[in-house]
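Only one structure is covered here, and it is reproduced in the block below.
Number of protein chains: 2
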Amino acid sequence: MTGEFSFIDRLRTFATHPAARGLADDAAVLSLPAGEIVVTHDILAEAVHYLPDTAPDDVAAKLVAVNLSDLAAKGARPLAALLGYTLGESAWDMAFAAALGEALARHDLPLIGGDTVRLVAGSPRVLGLTLVGAAPAGGAPARSGAKAGDALWVTGTVGDAGAGLALCRTGASEPAELVRAYLRPHPMLAEGQALAPQVTAMMDVSDGVLIDAARMAAASGLAVRIAIDALPLSDALLAHAGNDCDARLAAATAGDDYQLLFALPTGQTPIVAATRIGALAEGEGITLSWQGAPLTLPDSLGFAH
Amino acid sequence: MTGEFSFIDRLRTFATHPAARGLADDAAVLSLPAGEIVVTHDILAEAVHYLPDTAPDDVAAKLVAVNLSDLAAKGARPLAALLGYTLGESAWDMAFAAALGEALARHDLPLIGGDTVRLVAGSPRVLGLTLVGAAPAGGAPARSGAKAGDALWVTGTVGDAGAGLALCRTGASEPAELVRAYLRPHPMLAEGQALAPQVTAMMDVSDGVLIDAARMAAASGLAVRIAIDALPLSDALLAHAGNDCDARLAAATAGDDYQLLFALPTGQTPIVAATRIGALAEGEGITLSWQGAPLTLPDSLGFAH
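These protein sequence lines are chains A and B, in that order.
Using our numbering, the first residue of the first sequence is number 431, and each one after it goes up by one.
Using our numbering, the first residue of the second sequence is number 431, and each one after it goes up by one.
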């Protein structure tokens, strides 16, 4: 019982925005300019989205990052956060709260409300975050806006987090770059804001490039083809997993990258660093190529919840 | 695995607002007028906020009602909802989805997004709802605005839900009015919107009149005194529990009423039906009276989470 109050007291040390009303009111009240807002709510559940032995500061950072990644995909500017938190062991809770404060501060994102609950002992934690953001002036891109003939692009590199997850499952902490890519994803907020006016469609890569590209194509009523050899892989992943077709398929079907996947009319160059990995066309479904030749689809296109 | 998709498909049958984008995008995009928004996120957890054998339609209705009650306390007009849902047994899930659609439709409240997760089998459900509302033009009342000399008022009757919970715990279904008050609370949205321009402070009664009045007084830097004999009790509760001091204290310390508790300058009459139950004054803490004489505080002022 004291746990909730000390946890909320810890949150209050950084929930200082006027909209938070000291986390002592029924709801948060937030002043906004006229226009569109973007609202997202993503859950991280223990033993589903993170391993039970993951450190609380990694869980807090990831909870913030995966939700910010959804705003990034909309080109949105983060405005405020509300936390839905299941209390557990007190030291873990307090470490989580401290790390949450740091993660929110890095993005100048005020905590303005939420709820906490103490479940029956032994229940897995279920951590939810709601984010409110301001949509870009020209409108928020959707998954469904791609046009036949558009090229498909992705920011950064893919597959690092998937390799990092496999390493964490074995208890390994090296290569550190891969483990860190899994534990501490970087939401592409600046990139999303820059890209929003330019793209025809955009989404974040949460479940794997292939499955997410297939989702964008389906939402847009199109087919997509991806050149597996074009996928951008990090030096760390190439050194760890190699560069053959199987290694690239593993990278293309691994989740947790939180890069931005977007469509641009052919001939346009993206305003941020990105790699062209395929194209959208009339039709439906996803096809792959490897060194110019068709490639059979893998059994799984990515992480299906 | 199919569970999530059939559940989300069921949600899609009523998540038809453009902001929902078919529940197929990273985030919801909502057009708003300029001004203040009210955002709230409340959790209902199995075996904490509802008994494990509670019917899914009751849980869905209550999840919507308790969150709407937070908007009511701000005088806000509901605009949109996002659901955070832990999947379980499929028939329960589908019944929940159907009832959620009905509950949202009753308040013309579009479902625009959220997240689902399948926990390890046997984990208690953790159900979160985020609501976005439009604040009243004159500003949303806070808990902290009460002034010394204000009278304290409450809408409706109190204690019905607490008696209903006690009945549900024994498996009883009568008196139906009390059981229903617990299972199907009515959010006081119209009352909250009408009262918002008038009150100096307002909140909903979620944990019990005494503890919530003490919270309003503390937030306002004041003391509060409550006349236990003035509390409005329903005929059903009077018939069930009697009208002596103990029965009234039980009603005043029971949660789940979701009535509105508000402060008004002395001499003003509230614009909606309500009962004057006390007053705020310089000082701190809560004092009770019974038939004009001071009354010792009960061990517990209400439901402390």
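In this text, a Cβ means the ideal position worked out from N, Cα and C, and glycines have one as well.
Does any C-beta atom of chain A lie closer than 8 Å to the C-beta of B/Thr446?
-> Counted from its first residue, the second sequence places residue 446 of chain B at position 16. For B/Thr446, the answer is no, since every Cβ of chain A falls outside 8 Å of its Cβ.
State the Cα-Cα distance for the pair A/Tyr688 and A/Asp487, rounded to the nearest angstrom.
-> Start at 1 with the first residue of the first sequence, and residue 688 of chain A comes out as number 258. Start at 1 with the first residue of the first sequence, and residue 487 of chain A comes out as number 57. Here the alpha carbons of A/Asp487 and A/Tyr688 stand approximately 19 Å from one another.
Is A/Leu731 close to chain B, meaning its C-beta is less than 8 Å from at least one C-beta of that chain?
-> As a position in the first sequence, residue 731 of chain A is number 301, starting the count at 1. A/Leu731 is outside the set of residues whose beta carbon lies under 8 Å from a beta carbon in chain B.
The alpha helix (DSSP H) spanning A/Tyr612 covers which residue range?
-> Mapped onto the first sequence, residue 612 of chain A falls at position 182. A/Tyr612 -> alpha helix (DSSP H) spans Ala606 to Leu613.
At a cut of 8 Å, does the segment 573-591 of chain A reach the segment 543-557 of chain A through at least three beta carbon pairs?
-> With a cut-off of 8 Å, the segment 543-557 of chain A and the segment 573-591 of chain A do not count as touching, because too few Cβ pairs lie within range.
Is the segment 561-579 of chain A close to the segment 663-677 of chain A, with three or more CB pairs under 8 Å?
-> Contact annotation: the segment 561-579 of chain A does not touch the segment 663-677 of chain A, with fewer than three C-beta pairs closer than 8 Å.
Examine the ligand COA and report whether any of its heavy atoms sits within less than 7 Å of the Cβ of B/Ala581.
-> Absence of the ligand COA from the depicted structure is noted, as is the absence of any ligand whatsoever, leaving it without description.
Closest by CA to B/Gly722, which one among B/Leu481, B/Leu731 and B/Ile656?
-> Start at 1 with the first residue of the second sequence, and residue 722 of chain B comes out as number 292. Nearest to B/Gly722 by C-alpha distance, out of B/Leu481, B/Leu731 and B/Ile656, is B/Ile656.
For A/Val604, is the classification buried or exposed, using 16 other Cβ atoms within 10 angstroms of its Cβ as the cut-off for buried?
-> Position 174 of the first sequence, counting from 1, holds the residue named residue 604 of chain A. For clarity, residue 604 of chain A is Glu in the given sequence; the question names Val instead. A/Glu604 is exposed by the Cβ-count criterion.
Closer than 8 Å, CB to CB, is B/Pro554 near chain A or not?
-> Within the second sequence, residue 554 of chain B is the residue found at index 124, counting from 1. With 8 Å as the cut-off, B/Pro554 counts as an interface residue toward chain A.
For B/Ala503 versus A/Ala457, is the C-beta spacing smaller than 8 Å?
-> To locate residue 503 of chain B, count along the second sequence from 1; it is residue 73. To locate residue 457 of chain A, count along the first sequence from 1; it is residue 27. Between B/Ala503 and A/Ala457, the C-beta spacing is below 8 Å.
For B/Glu532, three-class secondary structure by DSSP = Taking the first residue of the second sequence as 1, we reach residue 532 of chain B at position 102. For B/Glu532, the three-state secondary structure derived from DSSP is helix.
Answer with yes or no whether the minimum CB distance from B/Leu530 to chain A is below 8 Å.
-> Mapped onto the second sequence, residue 530 of chain B falls at position 100. Look at B/Leu530: its C-beta is not under 8 Å from any C-beta on chain A.
Contact check, B/Gly638 vs B/Ala684, beta carbons under 8 Å = Locating residue 638 of chain B in the second sequence gives position 208, counting from the first residue. Locating residue 684 of chain B in the second sequence gives position 254, counting from the first residue. Pairing B/Gly638 with B/Ala684 gives a Cβ-Cβ distance under 8 Å.
Every unbroken beta strand (DSSP E) within the segment 511-576 of chain A, with a cutoff of 3 residues, ordered by chain = Fully enclosed beta strand (DSSP E) runs of 3 or longer: 541-548 and 556-564.
Burial state of A/Ser499 (16 or more Cβ within 10 Å) = On the first sequence, residue 499 of chain A is found 69 positions in, with the first residue counted as 1. So A/Ser499 ends up on the buried side.
Between the segment 657-668 of chain A and the segment 700-713 of chain A, do three or more beta carbon pairs fall short of 8 Å?
-> Contact holds: three or more Cβ-Cβ distances are below 8 Å.
Boundaries of the beta strand (DSSP E) in which A/Leu453 is found, first to last residue = Translated into the one-based positions of the first sequence, residue 453 of chain A becomes position 23. Per DSSP, A/Leu453 lies in no beta strand (DSSP E) segment and is marked neither H nor E.
Min CB distance B/Thr683 to chain A below 8 Å = Working through the second sequence from its first residue, we reach residue 683 of chain B at position 253. At a cut-off of 8 Å between beta carbons, B/Thr683 makes no contact with chain A.
Identity of the residue in B/Asp439, B/Ser436, B/Ala693 and B/Ala666 nearest B/Ala593 by Cα | Here residue 593 of chain B corresponds to residue number 163 of the second sequence, with the count starting at 1. Cα-wise, what sits closest to B/Ala593 is B/Ala666.
What residues in the segment 599-626 of chain B have a beta carbon less than 9 Å from any beta carbon of chain A?
-> Result list empty, no residue passes.
Is it right to say A/Thr726 is buried, meaning 16 or more other beta carbons lie within 10 angstroms of its own, or is it exposed?
-> Sequence index remark: in the first sequence, residue 726 of chain A carries index 296 (1-based). Exposed is the call here.
Assign B/Arg599 to buried or exposed, taking buried as 16 or more other Cβ atoms, counted over all protein chains shown, within 10 Å of its Cβ.
-> Against the second sequence, residue 599 of chain B aligns to sequence position 169. Classification for B/Arg599: exposed.
To the nearest angstrom, report how far apart B/Ser436 and A/Ser650 are at their CA atoms.
-> To locate residue 436 of chain B, count along the second sequence from 1; it is residue 6. To locate residue 650 of chain A, count along the first sequence from 1; it is residue 220. B/Ser436 and A/Ser650: Cα-Cα distance of roughly 22 Å.
At a Cβ threshold of 8 Å, is A/Lys504 touching chain B?
-> Your numbering for residue 504 of chain A matches position 74 in the first sequence. Yes, A/Lys504 counts as interfacial toward chain B.
Kindly indicate if chain A contains any beta-carbon less than 8 Å away from that of B/Ala704.
-> If you number the second sequence from 1, residue 704 of chain B lands on position 274. Judged by the 8 Å Cβ criterion, B/Ala704 is not in contact with chain A.
Member of A/Ala565, A/Ala464 and A/Glu476 whose CA lies at the smallest distance from the CA of A/Trp522 | Here residue 522 of chain A corresponds to residue number 92 of the first sequence, with the count starting at 1. Ranking the options by Cα distance to A/Trp522, first place goes to A/Glu476.
Simplified DSSP assignment, three categories, for B/Thr432 | Taking the second sequence and counting its residues from 1, the one referred to as residue 432 of chain B is at position 2. Legend: pLDDT at B/Thr432 = 49, less than 50; position of this residue unreliable, value from coordinates given subsequently. It is helical.
May I ask you to list, following chain order, the residues of the segment 437-469 of chain B that have a beta carbon less than 9 Å from some beta carbon of chain A?
-> If you check each beta-carbon in the segment 437-469 of chain B against every beta-carbon of chain A, the ones closer than 9 Å belong to Ala449, Arg451, Gly452, Ala454, Asp455, Asp456, Ala457, Ala458, Val459, Leu460, Ser461, Leu462, Pro463, Ala464, Gly465, Glu466, Ile467, Val468 and Val469.
Return the chain-ordered list of same chain residues with a C-beta closer than 6 Å to the C-beta of A/Glu607, the five sequence neighbours on each side being excluded.
-> Numbered from its first residue, the first sequence carries residue 607 of chain A at position 177. Ala666.
Pull out every residue of the segment 569-597 of chain A whose Cβ sits closer than 7 Å to any Cβ of chain B, in chain order.
-> Within the segment 569-597 of chain A, the residues whose Cβ lies closer than 7 Å to some Cβ of chain B are Ala570, Ala572 and Arg573, listed in chain order.
Selection from A/Ala647, A/Leu652, A/Asp642 and A/Leu679 that minimises the alpha carbon distance to A/Ile658 = In the first sequence, the residue the question calls residue 658 of chain A occupies position 228. The shortest C-alpha separation from A/Ile658 is found at A/Leu679.
With 16 other CB atoms within 10 Å as the buried threshold, where does B/Ala576 fall?
-> Translated into positions along the second sequence, residue 576 of chain B becomes position 146. Its Cβ being crowded by 16 or more others within 10 Å, B/Ala576 is buried.
What first and last residue would you give for the beta strand (DSSP E) that runs through A/Leu582?
-> Residue mapping note: residue 582 of chain A aligns to position 152 of the first sequence, counting from 1. That run of the beta strand (DSSP E) goes Ala581 to Val584.
Name the residue from B/Pro566, B/Leu668, B/Ala495 and B/Leu557 whose alpha carbon lies nearest to the alpha carbon of B/Val588.
-> To locate residue 588 of chain B, count along the second sequence from 1; it is residue 158. Ranking B/Pro566, B/Leu668, B/Ala495 and B/Leu557 by Cα distance to B/Val588 puts B/Leu668 first.
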